[in-house]
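Read the structure below first, then the notes.
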């Protein structure tokens, strides 16, 4: 499958319909997800209407982590098999991933302001997500800083793999830091009242909707890159003599 | 041995790497002490975190010039042609950088910790935590430095890449520094040792891969 898709032409033939499918599917899942999340689900005990932020917050966090996993896997594939398309997929995952990380942090902060009465606490989860955001930004910075895009692709891939080894360690260490060095405040958790099916439905709809949205965005980015590359090749293919001829004709 | 000798000479001659790092370390600590008002009793609780930050920033500042000096254009190709493995080169360079850049910083950190008002046992704990954590700091600084070898202004990118990866080292290092007086080396020391070993084990192959990439595409 990977080797089959690594040909840009074949990838394009697959991705043009597939991205359309994913885009419409994302819309079809998110719209009812929004309806059930905003109107047709109960308030949670202790959270009030604030719980509705969960239907954006949790899927964003999930997609943010999924995007980084995709970057790591694609970097690995690109490193082993040297598929340029894998680089393009990794590159196009970075910006949406960073934005979803920021969205998860922002919605978490909004939610926290309602239920914990504070915008920000340095607890394990917040901190590790903030670090994830910085890792995303560092990855994007490598791509942005280098003019030689082939070199940038391969070095960014290696850094992404080092980061992927580190992420579980960072998560573990920050949780540990949170447990040992901080007196735990009494934070209300979702596990308390149990998860009603009426809440599970919008959550799942949004989760899958966001995932397909990510796939749609990434595929469109890769397709745009393929077209850009093809146009550049076509421009370079016109030799000076041909260019003069075309000019004389017109 | 020849690579070791070359790297040793290069890093020692390059004041921009080790001497500036050392000066930055001392200067950062001094400025912090001035900013905090100079009360030793008030400064003692945050002495270890400040020295850790000073250490990390000094090493990150020194890593860029040290790489630039030892990898002029064409050196990777020469290394490859002479049949040396990039991993061995990376490990050798790590050892020389540790000896020439980090060892002076560690030597300076004990008197600085004492100047910040730490008792001798606590100052020893801080120094020990820096000693054990320093391979991890150096490992990520070197990965980031190698990754930005072909950049004219790599300095900020080095910091952007490596600081998030240094979070576990910082956490376990400070935990050892703060618990050493009460419990000795203990579990925190082992955790820090583990983080250091893991970081080195991840960094050396990554650096070798980056050098290979630079040789092929740079």
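Protein chains in written order, with this note's numbering: chain A, 461 to 710; chain B, -11 to 206.
Yeah, the Cβ is synthetic: ideal placement off N, Cα and C, and Gly gets one too.
Values in this document were obtained by computation on a predicted structure and should not be read as measured data.
query: Look up residue 508 of chain A in the DSSP assignment and say whether it is helix, strand or coil.; result: strand
query: In chain order, which alpha helix (DSSP H) runs of at least 4 residues are fully inside the segment 88 to 175 of chain B?; result: 91 to 103, 108 to 135, 143 to 153 and 155 to 171
query: Which of the three DSSP states, helix, strand or coil, is assigned to residue 63 of chain B?; result: helix
query: Just the chain B side, please: which residues come within less than 8 Å of residue 594 of chain A by C-beta, in chain order?; result: 148, 151 and 152
query: Taking Cβ-Cβ distances below 8 Å as the criterion, which residues of the segment 171 to 185 of chain B are in contact with chain A?; result: 183
query: Which residue wins for smallest C-alpha separation from residue 545 of chain A, given the options A:687, A:691 and A:608?; result: A:687
query: What is the DSSP secondary structure of residue 725 of chain A, reduced to helix, strand or coil?; result: Here chain A comprises residues numbered 461 to 710, so residue 725 of chain A is not present and cannot be evaluated.
query: I'd like to check one pair, residue 567 of chain A with residue 516 of chain A: are the Cβ atoms closer than 7 Å?; result: yes
query: Which complete alpha helix (DSSP H) runs does the segment 532 to 591 of chain A hold, if anything under 4 residues is left out?; result: 544 to 575
query: For residue 88 of chain B and residue -9 of chain B, what's the separation of their Cα atoms in angstroms?; result: 15 Å
query: Exposed or buried, what is residue 622 of chain A when buried is set at 16 or more other beta-carbons lying within 10 Å of its beta-carbon?; result: buried
query: Between B:52, B:137 and B:153, which lies nearest to residue 198 of chain B when the distance is taken from Cα to Cα?; result: B:137
query: Under 7 Å, do residue 620 of chain A and residue 538 of chain A count as touching if we go by C-beta distance?; result: no
query: Measuring alpha carbon to alpha carbon, tell me which of A:511, A:519, A:508 and A:468 ends up nearest residue 489 of chain A.; result: A:519
query: For residue 72 of chain B, does the three-state DSSP call read helix, strand or coil?; result: coil
query: I'd like to know whether the C-beta of residue 531 of chain A is nearer than 7 Å to at least one C-beta of chain B.; result: no
query: Please determine, among A:480, A:532 and A:508, the residue with the shortest C-alpha to C-alpha distance to residue 547 of chain A.; result: A:532
query: Since residue 148 of chain B and residue 601 of chain A are thought to touch, with beta carbons under 8 Å apart, how far apart are those beta carbons, to the nearest angstrom?; result: 5 Å
query: Report yes if the C-beta distance between residue 49 of chain B and residue 9 of chain B is below 7 Å; otherwise report no.; result: yes
query: Compute the beta-carbon to beta-carbon distance between residue 122 of chain B and residue 168 of chain B, rounded to the nearest angstrom, for a pair I have assumed lies under 8 Å.; result: Between residue 168 of chain B and residue 122 of chain B the Cβ distance is about 16 Å, and since that is not below 8 Å, they are no contact.
query: For residue 55 of chain B, collect the residues of the same chain with a Cβ closer than 7 Å to its Cβ; drop the 5 residues on either side in sequence, then sort them by chain order.; result: 133, 134 and 137
query: Kindly give me the distance between the Cβ atoms of residue 28 of chain B and residue 104 of chain B, rounded to whole angstroms, as I take these residues to be in contact under 8 Å.; result: 7 Å
query: So residue 611 of chain A contacts chain B; which residues on that side make the cut at Cβ distance below 8 Å?; result: 138, 201, 202, 205 and 206
query: Assuming residue 11 of chain B and residue 125 of chain B form a contact by the criterion Cβ under 8 Å, report the distance between their Cβ atoms to the nearest whole angstrom.; result: Not really, about 18 Å apart at Cβ, beyond 8 Å.
query: Would you decide whether residue 150 of chain B is buried or exposed? Buried here means 16 or more other CB atoms lie within 10 Å of its CB.; result: buried
query: Taking the straight line between their C-alpha atoms, what separation do you get for residue 550 of chain A and residue 681 of chain A?; result: 10 Å
query: Hey, is the segment 622 to 635 of chain A in contact with the segment 581 to 594 of chain A, meaning 3+ C-beta pairs nearer than 8 Å?; result: yes
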